[in-house]
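In the working numbering, the protein residues as written are 51 to 720.
A short worksheet on the structure shown next.
This is the structure in structure tokens:
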């Protein structure tokens with residue numbers, strides 16, 4: 051009986067062992083297919099019968115693949131993808147890639163890995179190219195060596211932007227390393243934005259300079275940058291039209307990414323970018339109902355101002371100057387100021403808007419000295435000034451007969467009574483007299499209408515009260531006030547140049563000329579805005595003039611000629627607006643700058659004529675030989691033109707600052 055039991059146990063054990071061995075052998079044979087491995091071994095890596103089933107590494111395959119990669123990286127990558135597609139030889143492929151990557155110079159690492167990341171048949175290759183070969187499937191990505199840049203591309207593919215940023219941070223010092231780090235960092239920021247406000251508050255990403263490793267990706271990021279800018283407009287504008295147009299542009303940019311750009315995006319970051327675009331498109335769609343649409347059914351009233359000063363809510367773009375004046379006039383002592391710049395630069399607009407930016411206890415009296423052009427005596431000048439003061443403050447005007455007899459004495463008494471009695475009664479403690487076109491005073495002095503000590507007299511008025519100040523605005527800089535009658539006054543005033551508008555202010559004027567609380571139904575493409583700035587250099591009058599002509603162009607096309615016209619102006623529309631009528635309407639500005647170039651230093655007009663055919667400008671040596679001027683005359687003329695902001699010097703080349711003025715000189719004077 052015992053022997054039977056023993057026999058049964060032995061029989062069972064033997065049977066189990068045999069069964070286990072058979073099963074194990076069967077599994078090994080079925081999974082690893084040694085028969086397939088033997089066939090591949092006999093055929094060799096060059097043969098057509100390389101194993102398609104077994105994962106067992108073929109002897110010599112790693113070395114062969116390594117040679118291919120060393121000889122021709124691009125072709126070899128294609129061959130590796132064929133191995134992935136038609137075999138299970140993952141280990142030899144990975145080993146060959148890791149060996150060759152470790153042999154490349156550091157300057158080539160990121161470029162080589164980027165090519166490896168284009169359409170790989172198995173993305174695991176990038177993952178394990180960054181890991182220890184035999185530690186998968188739970189391999190820890192290695193970030194301790196520049197040769198493992200593959201980790202960054204792998205994480206981009208996985209849409210793990212935080213880890214991708216960390217990976218590329220390790221290789222920032224390599225060629226293309228900074229670009230890929232910036233790219234990963236940007237996509238990480240963009241991927242976190244999930245509301246209209248969070249998109250609008252994103253900082254626009256800097257675009258990598260050419261030549262770049264990922265130009266298609268940067269193109270998509272540029273489109274997303276535009277979405278950020280437009281979303282800020284949607285969230286921040288009071289104008290329904292502006293918001294609606296901005297939202298339409300957002301939808302168009304995101305649609306372009308999906309429909310046009312997607313096919314060319316690199317595989318590693320393609321799905322990540324498309325997911326960002328899709329998420330932002332959903333966010334945009336969610337607010338579309340609150341923005342509404344725009345329909346234009348009648349001619350648009352032209353909001354651009356091309357002759358008169360810009361006053362009120364339409365006055366923008368001079369915040370820096372106004373803040374400076376606010377700081378100067380917020381204390382107990384008011385300082386006198388001179389605003390200078392060439393014609394149509396916006397000096398009058400600044401003067402006319404001063405009071406809105408000053409403390410309520412300070413009054414501003416604006417006086418256009420053009421009114422003095424026909425006066426014949428000092429008495430008439432002071433009477434005109436007194437009448438403007440009286441009209442502004444709604445008080446009695448001085449008696450003409452008295453001021454005619456003793457002009458200075460009577461005007462002194464008038465101002466003294468004004469400062470001591472009338473202003474306090476009106477809850478005012480300060481008075482600023484703004485004198486526009488102050489070169490008229492020089493003309494009156496030269497004509498002996500005013501005494502040569504007139505500005506000294508004005509200076510004495512300022513010194514008599516710390517709560518009285520003058521603001522002069524005109525063409526000349528302080529350096530050019532060389533006559534002795536200007537020195538006493540202008541030696542004690544503060545100079546503020548009024549130059550061109552910034553690109554940002556130019557865009558604001560054009561895109562919303564009616565102010566934030568009203569609607570302007572037309573719009574501009576970013577490239578059209580850039581074109582206008584390139585043409586005008588931010589010259590306020592010319593900016594307004596182009597806008598004026600574009601609105602006229604739209605009204606004529608749509609309502610007179612009955613032709614379809616996009617409500618969003620393109621670069622082509624801007625070019626059409628710069629026609630003969632445009633130059634004719636702007637002739638006062640162009641001739642004004644031209645005539646000013648005939649004053650003061652000699653040789654200015656000769657320089658402008660020589661410069662006008664040259665968009666990129668000329669060197670000083672070129673000008674010296676082309677104008678025939680002496681070196682001293684040339685240098686003095688160049689300095690004057692620069693001070694008047696008519697020309698500018700960049701990289702040792704002088705060019706006319708305003709492109710439209712250059713064209714006018716070239717067509718009219720050259």
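Glycine included, C-beta positions come from ideal geometry on N, C-alpha and C.
* Asked: Could you give the residue range of the beta strand (DSSP E) that holds residue 485?
  -> Taking the first residue of the chain shown as 1, we reach residue 485 at position 435. Start and end: 480 to 486.
Next on the checklist: On the criterion of 16 or more Cβ atoms from any shown chain inside 10 Å, does residue 80 qualify as buried, or is it exposed?
Outcome noted: As a working note, residue 80 is residue 30 in the chain shown. Low per-residue confidence applies at residue 80: pLDDT is 43, beneath 50, and the placement is therefore not dependable, though the value from the model is reported in the following sentence. Classification for residue 80: exposed.
Residue 594 (DSSP reduced to helix, strand or coil): As a position in the chain shown, residue 594 is number 544, starting the count at 1. Shown here, residue 594 sits in a helix according to DSSP, grouped into three states.
Roughly how many whole angstroms lie between the Cα atoms of residue 459 and residue 511? Here residue 459 corresponds to residue number 409 of the chain shown, with the count starting at 1. Here residue 511 corresponds to residue number 461 of the chain shown, with the count starting at 1. Rounded to whole angstroms, residue 459 to residue 511 spans 11 angstroms at the Cα level.
Next item on the list: Specify the secondary structure class of residue 417 as computed by DSSP and reduced to three states.
Entry: Translated into the one-based positions of the chain shown, residue 417 becomes position 367. The DSSP-derived three-state label of residue 417 is strand.
| task | In angstroms with no decimal places, state the Cα-to-Cα distance between residue 268 and residue 218. | result | Counting from one through the chain shown, the residue named residue 268 turns up at place 218. Counting from one through the chain shown, the residue named residue 218 turns up at place 168. Within the model, the alpha-carbon separation for residue 268 versus residue 218 is close to 17 angstroms.
- prompt: Taking the C-alpha atoms as reference points, what is the distance between residue 574 and residue 463?
  reply: Along the chain shown, read from residue 1 onward, the residue named residue 574 stands at position 524. Along the chain shown, read from residue 1 onward, the residue named residue 463 stands at position 413. If you take the alpha carbons of residue 574 and residue 463, they lie about 56 angstroms apart.
Q) From what residue to what residue does the alpha helix (DSSP H) around residue 698 run? A) As a working note, residue 698 is residue 648 in the chain shown. Counted as a single uninterrupted DSSP element, the stretch harbouring residue 698 is not any alpha helix (DSSP H) but the beta strand (DSSP E) occupying residues 697 to 700.
ask   = In chain order, what residues of the same chain lie with their CB nearer than 6 angstroms to the CB of residue 615, ignoring the 5 residues before and after it?
value = Your numbering for residue 615 matches position 565 in the chain shown. The residues are 604, 607 and 608.
_For a test of the three-state rule: what should DSSP assign to residue 574, helix, strand or coil?_
On the chain shown, position 524 is the one that residue 574 refers to. In the three-state DSSP reduction, residue 574 falls in the strand class (E or B).
**Asked** With a Cβ-Cβ cutoff of 8 angstroms, do residue 215 and residue 226 count as a contact?
**Response** Locating residue 215 in the chain shown gives position 165, counting from the first residue. Locating residue 226 in the chain shown gives position 176, counting from the first residue. Going by beta carbons, residue 215 and residue 226 fall outside the 8 angstroms limit.
#### Entry: Top-ranked residue by Cα proximity to residue 640, from 672, 716, 690 and 597
Residue numbering aside, residue 640 sits at position 590 when the chain shown is read from its first letter. Of the listed residues, the one whose Cα sits closest to residue 640 is 716.
Which runs of the alpha helix (DSSP H) fall wholly inside the segment 295 to 377 and span at least 4 residues, in chain order? Within the segment 295 to 377, the complete alpha helix (DSSP H) runs of at least 4 residues are 317 to 341.
Measure the C-alpha to C-alpha separation of residue 596 and residue 629 and round it to an integer number of angstroms.
Sequence index remark: in the chain shown, residue 596 carries index 546 (1-based). Sequence index remark: in the chain shown, residue 629 carries index 579 (1-based). Between residue 596 and residue 629, the alpha-carbon positions lie close to 10 angstroms from each other.
Checklist line | Separation of residue 554 from residue 588, as counted between CA atoms | finding: What you label residue 588 is simply residue 538 of the chain shown in a count that begins at 1. What you label residue 554 is simply residue 504 of the chain shown in a count that begins at 1. Residue 588 and residue 554: Cα-Cα distance of roughly 9 angstroms.
field: CA-to-CA distance, residue 523 to residue 393, given in whole angstroms
entry: Counted from its first residue, the chain shown places residue 393 at position 343. Counted from its first residue, the chain shown places residue 523 at position 473. Approximately 11 angstroms, taken between the alpha carbons.
* How many whole angstroms separate the CB atoms of residue 720 and residue 662, which I take to be in contact at a CB cut-off of 8 angstroms? -> Within the chain shown, residue 720 is the residue found at index 670, counting from 1. Within the chain shown, residue 662 is the residue found at index 612, counting from 1. Indeed, because the Cβ distance is near 5 angstroms, the residues count as touching under 8 angstroms.
- Taking the C-alpha atoms as reference points, what is the distance between residue 704 and residue 654? Within the chain shown, the letter at position 654 stands for residue 704. Within the chain shown, the letter at position 604 stands for residue 654. Taken atom to atom, the span from the alpha-carbon of residue 704 to that of residue 654 is near 13 angstroms.
Item to complete: Please classify residue 524: does DSSP put it in a helix, a strand, or coil?
Response: As a first step, residue 524 is located in the chain shown; it is residue number 474 there, counting from the start. Looking at residue 524 - three-state DSSP - the assignment turns out to be strand.
Worksheet item: Tell me the DSSP bridge mates of residue 703?
Response: Locating residue 703 in the chain shown gives position 653, counting from the first residue. Residue pairing for residue 703: DSSP places it in a beta bridge opposite 700.
Problem set entry | First through last residue of the alpha helix (DSSP H) which encompasses residue 464 | Here residue 464 refers to the residue found at position 414 when the chain shown is read from its first residue. Per DSSP, residue 464 belongs to the alpha helix (DSSP H) from 457 to 467.
TODO: Taking all protein chains shown into account, decide if residue 689 is buried (16 or more other Cβ within 10 angstroms of its Cβ) or exposed.
DONE: For this step, residue 689 is matched to residue 639 along the chain shown. Of the other Cβ atoms in all chains shown, fewer than 16 fall within 10 Å of the Cβ of residue 689; this residue is therefore exposed.
(message) Just to confirm my understanding: we take residue 257, look at its own chain, exclude 5 residues before and 5 after, and list those with CB closer than 7 angstroms. What are they?
(response) The residue labelled residue 257 in the question sits at position 207 within the chain shown. Hits under 7 angstroms: 268, 271 and 272.
Bridge partners - residue 546, DSSP secondary structure assignment = Mapped onto the chain shown, residue 546 falls at position 496. In the DSSP output, where bridge partners are listed per residue, residue 546 has 389.
Here's the rule: buried if 16 or more other CB atoms are within 10 angstroms of the residue's CB, otherwise exposed. What is residue 164?
Along the chain shown, read from residue 1 onward, the residue named residue 164 stands at position 114. Taking all protein chains shown into account, residue 164 has 16 or more neighbouring C-beta atoms within 10 Å of its C-beta and is therefore buried.
Tell me where the alpha helix (DSSP H) around residue 246 begins and ends.
-> Within the chain shown, numbered from 1, the residue matching residue 246 stands at position 196. Taken as a continuous stretch (DSSP letters only), the alpha helix (DSSP H) holding residue 246 covers 246 to 250.
Within the same chain, show all residues whose beta-carbon is closer than 8 angstroms to that of residue 437, passing over the 5 residues directly before and after it, in chain order. Start at 1 with the first residue of the chain shown, and residue 437 comes out as number 387. Sequence-distant Cβ neighbours of residue 437 in its own chain, meaning closer than 8 angstroms and more than five residues away, are 447 and 448.
Check: Using a threshold of 7 angstroms, is the CB atom of residue 378 nearer than that to any non-hydrogen atom of the ligand FMN?
Finding: Within the structure as shown, the ligand FMN is missing, as the structure has no ligands at all.
Item to complete: Quick one: grab the DSSP three-state call for residue 412.
Response: On the chain shown, position 362 is the one that residue 412 refers to. Of the three classes helix, strand and coil, the one that applies to residue 412 here is strand, per DSSP.
Look at the alpha carbon of residue 347 and the alpha carbon of residue 561, and state the distance between them as a whole number of angstroms. Indexing the chain shown from 1 puts residue 347 at position 297. Indexing the chain shown from 1 puts residue 561 at position 511. C-alpha separation (whole angstroms): 20 angstroms.
_Quick check: what's the CA-CA separation for residue 96 versus residue 126?_
Within the chain shown, the letter at position 46 stands for residue 96. Within the chain shown, the letter at position 76 stands for residue 126. Per-residue confidence for residue 96 stands at a pLDDT of 49, beneath the threshold of 50, marking its modelled position as unreliable; the derived number appears in the next sentence. The C-alpha of residue 126 is placed about 13 angstroms away from the C-alpha of residue 96.
* Asked: For the putative contact between residue 322 and residue 206, defined by C-beta atoms under 8 angstroms, what is the C-beta separation to the nearest angstrom?
  -> Numbered from its first residue, the chain shown carries residue 322 at position 272. Numbered from its first residue, the chain shown carries residue 206 at position 156. Yes, they are in contact, since the Cβ atoms of residue 322 and residue 206 sit about 6 angstroms apart, within 8 angstroms.
Problem set entry | Residues that residue 518 bridges to, as DSSP identifies them | Taking the first residue of the chain shown as position 1, residue 518 is located at position 468. Per DSSP, the beta-bridge partners of residue 518 are 481.
Going by other Cβ atoms of all chains shown within 10 Å of its Cβ, with 16 needed for buried, is residue 586 buried or exposed?
-> Here residue 586 refers to the residue found at position 536 of the chain shown. In summary, residue 586 is buried, with 16 or more beta-carbon neighbours lying within 10 Å of its beta-carbon over all protein chains present.
Proximity to residue 618 [Cα-Cα], best of 229, 236 and 302: Reading the chain shown from its first residue, position 568 is the one you call residue 618. Ranked by how close their Cα comes to the Cα of residue 618, the residues 229, 236 and 302 have 302 in first place.
Alpha carbon of residue 643 to alpha carbon of residue 707, nearest angstrom:
Counted from its first residue, the chain shown places residue 643 at position 593. Counted from its first residue, the chain shown places residue 707 at position 657. Distance between the alpha carbons of residue 643 and residue 707 is about 12 angstroms.
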